[in-house]
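Take a look at the structure set out below.
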Amino acid sequence: MPPAAGRPGPAGGADRARSRGKADGAPAPSPAVPRVGFVSLGCPKALVDSERILTQLRAEGYTISPDYAGSDMVIVNTCGFIDAAVEESLDAIGEALAENGKVIVTGCLGAKGSVVRDNFPNLLAVTGPHATDEVMQAVHEHLPRPHDPFSDLVPPQGIRLTPRHYAYVKISEGCNHRCTFCIIPSMRGDLVSRPVGDVLQEAENLVRAGVKELLVISQDTSAYGVDVKYRTGFWGGRPVRTRMTELVQAMSSLGAWVRLHYVYPYPHVDEVIPLMAEGKVLPYLDVPFQHASPRILKLMKRPASAENNLARIRAWREACPELTIRSTFIAGFPGETEAEFEQLLEFLEEAQLDRVGCFAYSPVEGAAANALPDPVPDEVREERQARFMEVQARISAARLARKVGTTVRVLVDSAEGTRAIGRSAADAPEIDGRVHVSRVRGAKPGDFIDVKVTRSDEHDLHGSRVGD
Ligand code: SF4
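For the sequence shown, the residue numbers in our numbering are -15 to 452.
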């Protein structure tokens, strides 16, 4: 049976149309163009999945082949609903393997435990339904994309605005929360997580291109995968759940620094702390607490506002003493009383956070918080922000001073003569401090060096390279 012929599916129709075109004298596809056969089974949802995959294949320049013999590989979109459908799907896979040998299986049967793998251990890849990205990833792996004179000028890691040795990896777009001071959800919509296989492939490409530090970003990193019910995706043929812990664990296998931003203090965040203690993920958490008063947090509608953040911070530090915590806060939120602001200062003293930013509340147009009663006058907001920063500056400086005499690993950002500037695990680019290194020879951006810390100031560390 040729791909798509005799079975319901879009490829059959499209291919028949193309065959007629060829008979009318249209040029045959160049032999260099990779050809994919497609068998589509199942319900209309499966049909839509097939259409998406076929569209993507065509958009990337692959040709859809009408027969097994003329295909470089075959994709079988399966159904797993009732026994008869399972049987039909297994037959189709067996036939494709016998006739062609290079087969990717997608669709509902692919998600049904190990039925497919148990019957056919020599498939190129198996994915579940609604998995265009994973299927395309498998296609790229086994049948490289045809040359495109436009897009091939773009390197596999994409065009980056960051230096060559670090890169941001965005894992999702949008946000399911509705913090009253924020208008991001109204602009970007609800959370949409990127397929885990795509994210990991991007990270792999970046590391191959020389990136030494991957900065994981999103609006709410800890919510990664909630929208897709943490479904299992595939990376390099291995299953990986669409979930923060599993994602960063897989990312850590690439050998680059992995740094987490915008993590909310949900209980499941506790799971990544052991990865930090083991050195797999940088012991660094960027957690935007925003306030400490339960009433203000409720008015802000903050995620995880009911969590006991101080207890959580204590537990994190017990499990990973070298953990650096960065956070941001808002002073002068509508309705904030002097007592509530002082509660925030007390929290700071107790929490002993390493890096902190504080903004005086600013009424963003369209934000729900603007309608809250008792706005705090401008000058009081500013004054509270200044008081906040004064307290935190002392705490940050004291925490940095504790590092004097220790040796820290530093990723070099710039170097000139015998001096270099870099960052330790405690310093994210652009927002945190830096490590100024003297008496260093031959270091270049992207190098890791060990630095003995001899001095600290309010934001930065100073030291010299160990061994130089
Ligand atoms: S501030 Fe709140 S609503 Fe805005 S992006 Fe962050 S979590 Fe979402």
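Don't be surprised by glycine CBs; every beta carbon is placed ideally from N, CA and C.
Go ahead and label residue i buried or exposed: buried means 16 or more other beta carbons lie within 10 angstroms of its beta carbon, across all protein chains shown.
i	result
asparagine 61	buried
arginine 454	Outside the shown range of the chain, which is -15 to 452, sits residue 454, and nothing can be said about it.
threonine 321	exposed
threonine 391	exposed
arginine 225	buried
glycine 239	exposed
arginine 298	exposed
glutamine 336	exposed
valine 348	exposed
proline 287	buried
leucine 74	buried
glycine 401	exposed
leucine 266	buried
asparagine 103	exposed
aspartate 397	buried
aspartate 33	buried
valine 450	exposed
glutamate 302	exposed
serine 346	exposed
proline 11	Any answer about proline 11 is weak, because its pLDDT of 41 lies below 50 and its placement is not dependable; what the coordinates show is given next. By the 10 Å Cβ count, proline 11 comes out exposed.
If we ignore side chains and look at the alpha-carbon of each, how far apart do residue i and residue j end up?
i	j	result
arginine 403	proline 169	44 Å
cysteine 163	valine 23	47 Å
arginine 178	valine 89	21 Å
aspartate 444	asparagine 293	27 Å
proline 13	tyrosine 46	Caution is warranted here: a pLDDT of 48 is assigned to proline 13, below 50, making its placement in the model unreliable, and the coordinate value is therefore given only provisionally. Whole-angstrom Cα-Cα distance: 10 Å.
glycine 447	valine 271	28 Å
glycine 341	phenylalanine 331	14 Å
valine 210	asparagine 160	9 Å
isoleucine 59	proline 130	18 Å
arginine 371	alanine 377	10 Å
glutamate 197	valine 212	27 Å
Do residue j and residue i count as a contact pair if the criterion is CB distance below 9 Å?
i	j	result
arginine 227	tyrosine 208	yes
proline 147	glycine 430	yes
alanine 409	arginine 393	yes
glycine 64	leucine 31	no
alanine 315	leucine 328	yes
alanine 151	leucine 107	no
glutamine 121	glutamine 185	yes
arginine 458	isoleucine 433	Outside the modelled stretch of the chain, which goes from -15 to 452, sits residue 458, for which no answer is possible.
aspartate 174	glycine 158	yes
glutamate 442	serine 380	yes
histidine 126	alanine 115	no
threonine 229	leucine 259	yes
arginine 425	arginine 407	no
serine 41	alanine 76	Just to set this straight, residue 41 is leucine in the shown sequence, not serine. No, they are not a contact pair.
phenylalanine 165	phenylalanine 273	no
Rounded C-beta distance between residue i and residue j? I'm assuming under 8 Å.
i	j	result
serine 206	valine 176	Not a contact, Cβ separation roughly 16 Å.
arginine 439	valine 388	6 Å
lysine 428	alanine 382	Contact flag wrong, Cβ pair sits at about 33 Å.
isoleucine 155	valine 183	5 Å
valine 453	aspartate 56	Within the shown structure, residues of the chain are numbered from -15 to 452, placing residue 453 beyond reach of any answer.
aspartate 358	glycine 319	5 Å
Just list the residues that DSSP pairs residue i with in beta bridges.
i	result
leucine 198	Ala151 and Val242
tryptophan 219	Arg222
asparagine 61	Ser24 and Thr90
histidine 446	His420 and Arg439
threonine 454	Residue coverage of the chain in this structure runs from -15 to 452, which leaves residue 454 outside it and unanswerable.
serine 177	Ser156
arginine 339	Arg310
aspartate 397	Answer is none; aspartate 397 lacks a bridge partner.
At a Cβ threshold of 9 Å, is residue i touching chain C?
i	result
serine 398	This model lacks chain C altogether; it includes just one protein chain.
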